[in-house]
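Read the structure below first, then the notes.
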Amino acid sequence: MYQLTLIGWILIGFGMITCIPLLMAQLTILIDPKGQRAKDILIGKGEEWRNETHFKFSYGAAIADWLIFFPIFILAIIGMIVLKPWGYLLLSIAGTIQIYINTILWFTEKKYVYPNLGPWKYYTYFWGNFMYWGVGALIYGILKIAGMITF
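Count along the sequence shown starting at 1, add 273, and that's the number in this note's numbering.
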């Protein structure tokens with residue numbers, strides 16, 4: 274029933290491609306919060322934080338992702354690989370976290386980020402892929418746990 278299928282592997286792969294680079298970028302702000310490297314990676318080369326709230330939000334998001342999202346994400350992958358139902362539950366939780374934070378970012382960051390990136394980058398890697406993965410992970414995990422799908 275909890276066999277890891279092609280769709281599960283696709284969600285694992287897409288999740289890793291989408292989330293691991295962000296987690297690595299966030300590690301720079303955790304190591305050196307006021308460093309130039311963190312600013313270059315997280316807000317753009319040569320850019321400055323808009324204000325102290327912008328910095329604190331980014332720093333707090335990095336802490337939250339490393340304390341909450343990252344462990345859940347890794348444990349979900351492990352659980353899916355060892356064919357346990359809790360792996361799919363954690364996958365749904367990880368997906369929910371991505372939907373939650375990226376809904377907030379849609380309203381707080383889009384007006385600053387979208388003009389510089391354009392639609393292609395914004396609706397794929399910068400923002401879109403996190404939402405697409407989150408929705409896919411949430412729905413797939415719930416349906417798998419409920420026994421409504423076997424693929």
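Just so it is clear, CB atoms sit at the ideal spot from N, CA and C, and this is done for glycine as well.
This one's a predicted model, so the numbers in the text were calculated from it and none came from an experiment.
Burial is judged here by how many other beta carbons sit within 10 angstroms of a residue's own beta carbon; glycine 352 has at least 16 and is buried. Looking at the backbone, the Cα of alanine 410 and that of proline 306 are separated by about 31 Å.
In this chain, the alpha helix (DSSP H) harbouring asparagine 375 covers 358–394. Phenylalanine 346 sits in a helix when the DSSP states are folded into three classes. C-alpha of glycine 319 to C-alpha of glycine 308: approximately 12 Å in a straight line. By a beta-carbon distance limit of 8 Å, isoleucine 314 contacts alanine 298. Their separation comes to about 5 Å.
About 7 Å separates the CB atoms of tyrosine 275 and lysine 417; that is less than 8 Å, so the two are in contact.
Counting along the chain, no alpha helix (DSSP H) covers glycine 319, and no H or E run does either. Counting other Cβ atoms within 10 Å of its Cβ, threonine 291 reaches 16 or more and is therefore classed as buried. Taking every protein chain shown into account, the CB of methionine 404 has 16 or more other CB atoms within 10 angstroms, so this residue is buried.
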